[in-house]
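Chemist: Going down the list, the protein sequences come from chains E and R. For the first sequence, the residue numbers in my numbering are 1 to 584. For the second sequence, the residue numbers in my numbering are 585 to 1168. Don't be surprised by glycine CBs; every beta carbon is placed ideally from N, CA and C.
Number of protein chains: 2
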Amino acid sequence: MYRTHTNGELRIEDIGKVVTLCGWVQAKRDLGGMYFIDLRDRYGITQLAMGDFDFSIGREYVIQVTGKVVERVSKNKNIPTGDIEVVVENQVIDKDNHVSSLTILNKSKTPPFTIENETDGGEELRMQYRYLDLRRNPLRNNIELRHRLSIEVRKYLDSINFLEIETPYLIKSTPEGARDFVVPSRMNPGQFYALPQSPQTFKQLLMVSGYDRYYQIVRCFRDEDLRADRQPEFTQIDCEMAFVTQEDILQTFEALMVHLFQVTKGIDFDSFPRMSYADAMLNYGCDKPDIRFNMQFNYITELVKGKGFAIFDDAESIIAINAENCASYTRKQLDELTDFVKRPQVGAKGLIYLRCNEDGTYKSSVDKFYTEDELKKWATRCNAKAGDLILVLSGETATTQAQLSALRLHLGNQLALRNPDIYAPLWVYDFPLLEWNEESGRFHAMHHPFTSPKTEDLTLLDSNPGNVRANAYDLVLNGTEIGGGSIRIHDRAVQSRMFDLLGFTKEEAQAQFGFLLNAFEYGAPPHGGIALGFDRLCALFGGQETIRDFIAFPKNNSGRDVMIDAPATIDKKQLDELNIKVTL
Amino acid sequence: MYRTHTNGELRIEDIGKVVTLCGWVQAKRDLGGMYFIDLRDRYGITQLAMGDFDFSIGREYVIQVTGKVVERVSKNKNIPTGDIEVVVENQVIDKDNHVSSLTILNKSKTPPFTIENETDGGEELRMQYRYLDLRRNPLRNNIELRHRLSIEVRKYLDSINFLEIETPYLIKSTPEGARDFVVPSRMNPGQFYALPQSPQTFKQLLMVSGYDRYYQIVRCFRDEDLRADRQPEFTQIDCEMAFVTQEDILQTFEALMVHLFQVTKGIDFDSFPRMSYADAMLNYGCDKPDIRFNMQFNYITELVKGKGFAIFDDAESIIAINAENCASYTRKQLDELTDFVKRPQVGAKGLIYLRCNEDGTYKSSVDKFYTEDELKKWATRCNAKAGDLILVLSGETATTQAQLSALRLHLGNQLALRNPDIYAPLWVYDFPLLEWNEESGRFHAMHHPFTSPKTEDLTLLDSNPGNVRANAYDLVLNGTEIGGGSIRIHDRAVQSRMFDLLGFTKEEAQAQFGFLLNAFEYGAPPHGGIALGFDRLCALFGGQETIRDFIAFPKNNSGRDVMIDAPATIDKKQLDELNIKVTL
């Protein structure tokens, strides 16, 4: 070992010890003849004091020092090692030899940005020098949190008899769903593997094999056009259980989450609230409501129609939210909210407001159509009190719900109701089995083709497939979906019927999923599972919204790793061996 | 939950309980009016007894039963639940309803092979129905052992401050080493990612970033022509440490292995023996000696030369091993050994033997060239006693060592000296840095290009590169390499010099590994690590030689998954989007 202690370790009890430390030079200071270095490693910072100092040592140099631990004259209460410092003599005498007390293990050029909690480096530069950015405390804390979460997930699931079983990364391409990354096979010319979008079919086969509690923390791949904060490769906590109902899965993974909150955040949860998909859409306009704040939807359709205001009269639904204590919003603030809902990403035509003034009067943007008494009824419906502000959108129901949901979240941010240190988990259940896709003119699976319909809705499969509910559920945290799952189909006939509904021919279904259909004929047990997005989970536990800084080496929005400069062209020899050609 | 207990759980203390069990029908028996079912799940087998039996229930049906636990009349001492059975009435009466006590959860066709410890299914058939093969106890034990080993590795490394950090799977192709699997990038037309052969450069960058104890249990990929028992994707326990010497790494990972042996096999190791590469080659002719048995090499060159036997007289080295107590080998047995060494895979021209007869006389195949007294000297050199058999090969030294090593292992197998329940770990160290490759006419890195030369051999880098020893080590278990590692280069100049030696131009080195060379200029600490082959480790801990049955869904020797039928052709649309074309 190059060191006897780390830089986070020494305390007042260690005074008098001769220690050897290694680390990076965080800072150096000249205090009139005494020289000080802050020596940094993963574990902390220790102050070195020396009478004579080699000024050729710069920031981020890697050094090894030997010296004696002494009590500091002026203690630093901000760091755990702040009571002591290590006095490094130019030469220390050991029993045989003179030994240099300071060795430069490696030099450093001046870093392109400061290695501080708040750095001066831009995003692009920090991505290029990711290995330097990762030295900063905020990133190190994220990476350490990620490790902590993964080890706790594993310990917990192991303790309740789950087995981690590795599934293959080189599998078969299945056009259903998102685009696959593919891998040409040299040994099977003209054929391709695909990288898994999830281990879905393999974990179901493991249930058929009798491994009734499976999990895996596993990389998954999707070749999608990357929106901000999406990664082409991402990690999920993938789980499956046999002989269980939806209730069993919810309880099992709620207990896992309760454990994670407890051990990593010190937060105790009793149980998580639950909400049906229908209620989520009705009350929040969204299937992943942020319930850290209330501001639920109020349907005022029948209150406001037929009073001559054409926009409301023509609307399918008129929905209002109550922004508490916002009656004092200025004209400018209201205009900003209107601009927000008119952004193309939201797409509303306009925004109606109703101020519930402190003096008990009402002021609305549509005053001329409604009496004070009518406006009062809006307020009553919205549980608004004097000083509140009611905001109203109208139109086709689903569209209006989505628009008002966006406004609700925007207000939540603006009013600081979305504190990242507050955690509000929520189960959403009873998702629809299918959703109609206008473009392809057919139903798509809302979750995936293996999700089972609710028994009581089975008869609707033929008559009204769009109304069939699934045994499917999402785990939502602070308005973000962090996981989803379902009870799966385990009957060959039902699975075949499902493929029919999704537009597969018998031949396509057999070619792509024949192994699963066949497996269902050899004693497949009832089973279901869940997959949690691990990158997102880490980010939320870290109190942040973006996942990129919770991944050691992420890719940018073009799917590039700018540090190693990948992807890149490859040799013609490689292409030839793979029997492929670039067609550009 | 579909069940109150598993099939491995019920004991004599549970008598009288009404329980619900689920599982697969392992066997059914008719004992004159009483019917019995062995119900199986992952946890064990429970016997069900019933007076009336639905004979439509076949093997591997999935059933759910409710019944009362009773003491068995004739107990089965071979299974933990053998003291009890569960009596299933045709109907049980609960307080509200009549409930059927036996529910068929799913049917099963007759499996294509028996789901027994010893099955009648051939390899190919079992691979195709892998989900059924995985139901058999031997495979289930392997998969459970694998889980146990992985969780214990993680817990142990976590306990000594290692962080598991995930590195990317979509990286850059580097032609050095084995062939990469590549992944065409749709968003970066004409460019390709590569799947990692190991996270080598990323873990080194993490050391530069200050994460001084890293590990990852990680999938790696090599597009090699598959020899028996190689997989295109395999798992390794990948580790790296900073501020350490070779001794620190050996001690750290020896302690990990000692822990694994202790917790999974109940075997206590004090410490592992160590052997230099030079000694391993000298005494065993191989860099991964199986030291479960002795049979070391004896160099008898100067004893046997110059006596007129041309084959010996022309040989660079004459090397003998002593097969103890084998003097009684028949002519036929000796011929078989001769045939063995003459196989093309071994390549010797012939085999000389010397019988040390029980009566103190000697009998050799080259009697006419040597006196009894001379033959006695061979025996003395080989520590052979009466009753032993000395076997001799000769020729060019390295070739002869390799041939004799093959014969030694063959004899070890034949003489049952290689008991899979005996564990003999060994560190081999001081590997050469480089090996000359005749085909390419240049040096290749014996370990990889990032391995550091030994400081005392640095001067040889220019004068005699082939003689430079590396700070490299392998962990060998029972004659199989289960891991290897090295202290890395952390100095840009030395790394550049290494790339020179390996035939890289400056431009090539910068294009492929510029990110690492650059990182070394910003305070890279001394570091090193190791990677353990996890599939192989599991197989050896399971007392087996082949890794395939320790992987849930392995590929065959053509790199195919015959169960899902991958790889496969993909749609032209997919190829077009990726800007590639198959050239067959």
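For a test of the three-state rule: what should DSSP assign to residue 32 (chain E), helix, strand or coil?
Modeler: Reduced to three states, the DSSP call for residue 32 (chain E) is coil.
Chemist: Candidates R:954, R:1023 and R:907: which alpha carbon is nearest residue 998 (chain R)'s?
Modeler: It is R:907.
Chemist: Pick out the complete alpha helix (DSSP H) segments inside the segment 424-484 of chain E, 4 residues or longer, and give them in chain order.
Modeler: The segment 424-484 of chain E contains these whole alpha helix (DSSP H) runs: 460-463.
Chemist: Which word fits residue 630 (chain R), buried or exposed, when buried means at least 16 other C-beta atoms lie within 10 angstroms of its C-beta?
Modeler: Burial call: buried.
Chemist: With a cut-off of 8 angstroms, do at least 3 Cβ pairs link the segment 962-978 of chain R to the segment 880-893 of chain R?
Modeler: Yes: at least three Cβ pairs fall under 8 angstroms.
Chemist: Taking a Cβ distance cut-off of 7 angstroms, strictly less, list which residues of the segment 208-233 of chain E are near chain A, in chain order.
Modeler: Absent here is chain A; the protein component of the structure consists of chains E and R.
Chemist: DSSP beta-bridge partners for residue 527 (chain E)?
Modeler: BP columns for residue 527 (chain E) point to E:242.
Chemist: Could you run through the segment 21-32 of chain E and flag, in chain order, every residue whose CB is less than 9 angstroms away from some CB of chain R?
Modeler: Here the close residues are 22, 23, 24 and 25.
Chemist: Excluding the 5 residues preceding and the 5 following residue 573 (chain E) in the sequence, name in chain order all residues of the same chain whose CB lies nearer than 6 angstroms to its CB.
Modeler: If we look at residue 573 (chain E) and ignore the five residues flanking it on each side, it has no Cβ neighbours.
Chemist: Can you list, in chain order, the residues of its chain whose CB lies under 6 angstroms from that of residue 492 (chain E), leaving out five sequence neighbours each side?
Modeler: Cβ neighbours of residue 492 (chain E) beyond the five flanking positions: 517, 520 and 521.
Chemist: Going by C-alpha to C-alpha distance, which of R:1071, R:958, R:801 and R:912 sits closest to residue 890 (chain R)?
Modeler: Here the closest residue by C-alpha is R:958.
Chemist: Can you tell me the Cα-Cα spacing of residue 1034 (chain R) and residue 942 (chain R), whole angstroms?
Modeler: Distance between the alpha carbons of residue 1034 (chain R) and residue 942 (chain R): 55 angstroms.
Chemist: Whole angstroms is fine: what's the gap from residue 975 (chain R)'s alpha carbon to residue 940 (chain R)'s?
Modeler: So the alpha carbons of these two residues sit roughly 11 angstroms apart.
Chemist: According to a CB-to-CB cut-off of less than 8 angstroms, which residues of the segment 148-179 of chain E neighbour chain R?
Modeler: Listed by position along the chain: 150, 151, 154, 155, 158, 163, 164, 165, 166, 167, 168, 169, 170, 171, 172, 173, 175 and 179.
Chemist: Where does residue 1165 (chain R) fall in DSSP's three states?
Modeler: Correct three-state label for residue 1165 (chain R): strand.
Chemist: Have a look at the DSSP bridge pairing and note the partners of residue 776 (chain R).
Modeler: Answer is E:568 and R:768.
Chemist: Tell me whether residue 136 (chain E) sits in a helix, a strand or coil according to DSSP, three-state version.
Modeler: Residue 136 (chain E): coil per DSSP, three-state reduction.
Chemist: Could you tell me if residue 745 (chain R) is buried or exposed, where buried requires 16 or more neighbouring beta carbons within 10 angstroms of its beta carbon?
Modeler: Flag for residue 745 (chain R) reads exposed.
Chemist: Can you find the residues in the same chain that come closer than 8 angstroms, C-beta to C-beta, to residue 586 (chain E), ignoring five residues on each side of it along the sequence?
Modeler: The shown model of chain E, from 1 to 584, leaves out residue 586 (chain E), and the question about it has no answer.
Chemist: Where do the ends of the beta strand (DSSP E) carrying residue 389 (chain E) lie?
Modeler: 389-395 is the extent of the beta strand (DSSP E) around residue 389 (chain E).
Chemist: Near residue 1054 (chain R), what residues of its chain come up, given a Cβ to Cβ distance below 8 angstroms and the 5 sequence neighbours on each side ignored?
Modeler: Result list for residue 1054 (chain R): 1014, 1015, 1016, 1017, 1030, 1031, 1035, 1036, 1037, 1038 and 1070, in chain order.
Chemist: At 7 angstroms on the CB atoms, spell out the chain R contacts of residue 193 (chain E), in chain order.
Modeler: 1150 and 1151, listed in chain order.
Chemist: I need the DSSP call for residue 346 (chain E), collapsed to helix, strand or coil.
Modeler: In the structure shown, residue 346 (chain E) sits in coil (DSSP, three-state: anything other than H, G, I, E or B).
Chemist: Going straight from the alpha carbon of residue 554 (chain R) to that of residue 790 (chain R), what length do you get?
Modeler: Lying outside 585 to 1168, the shown extent of chain R, residue 554 (chain R) is not represented and no answer is given.
Chemist: Quick one: list the residues of chain E neighbouring residue 1082 (chain R), beta-carbon separation under 8 angstroms, in chain order.
Modeler: Within 8 angstroms Cβ-Cβ: nothing; residue 1082 (chain R) doesn't reach chain E, min ~17 angstroms.
Chemist: Report the residue ranges of all beta strand (DSSP E) runs contained in full by the segment 308-387 of chain E; include only those spanning at least 3 residues, in chain order.
Modeler: Within the segment 308-387 of chain E, the complete beta strand (DSSP E) runs of at least 3 residues are 317-323, 352-356 and 362-364.
Chemist: Name, please, each residue of chain E whose Cβ falls closer than 7 angstroms to the Cβ of residue 915 (chain R).
Modeler: In chain order: nothing, as chain E lies at least about 45 angstroms away.
Chemist: Pull the bridge partners of residue 882 (chain R) from the DSSP assignment, please.
Modeler: Partner(s): R:904.
Chemist: Report, in whole angstroms, the separation of the C-beta atoms of residue 613 (chain E) and residue 218 (chain E), which I expect to be a contact under 8 angstroms.
Modeler: Any answer about residue 613 (chain E) is impossible in this case: the structure gives chain E only from 1 up to 584.
Chemist: Less than 7 angstroms between C-beta atoms, sequence neighbours within five positions excluded: which residues of the same chain meet that for residue 655 (chain R)?
Modeler: These residues qualify, in order along the chain: 596, 599, 667 and 668.
Chemist: Given that a residue counts as buried once 16 or more other Cβ atoms are within 10 Å of its Cβ, and exposed if not, what is residue 1012 (chain R)?
Modeler: By the 10 Å Cβ count, residue 1012 (chain R) comes out buried.
Chemist: Starting from residue 1107 (chain R), find everything on chain E with Cβ-Cβ shorter than 7 angstroms and list it in chain order.
Modeler: Ordered by position in chain E, the residues that pass the 7 angstroms Cβ test against residue 1107 (chain R) are 24, 60, 61, 62, 106 and 108.
Chemist: What span of residues does the beta strand (DSSP E) with residue 853 (chain R) cover, start to end?
Modeler: Per DSSP, residue 853 (chain R) belongs to no beta strand (DSSP E) and is neither H nor E.
Chemist: How about residue 101 (chain E) and residue 24 (chain E): do their beta carbons lie closer than 9 angstroms?
Modeler: No, Cβ-Cβ distance for residue 101 (chain E) and residue 24 (chain E) is not below 9 angstroms.
Chemist: By the 10 Å Cβ neighbour count, where 16 or more other Cβ atoms means buried, how is residue 1000 (chain R) classified, buried or exposed?
Modeler: The residue is exposed, with fewer than 16 neighbouring Cβ atoms inside 10 Å.
Chemist: Is residue 676 (chain R) close to chain E, meaning its C-beta is less than 9 angstroms from at least one C-beta of that chain?
Modeler: Residue confidence for residue 676 (chain R) is low, a pLDDT of 48 falling below 50, so the modelled location carries little weight; the figure read from the coordinates is stated next. Answer no: the Cβ-Cβ gap between residue 676 (chain R) and chain E never drops below 9 angstroms.
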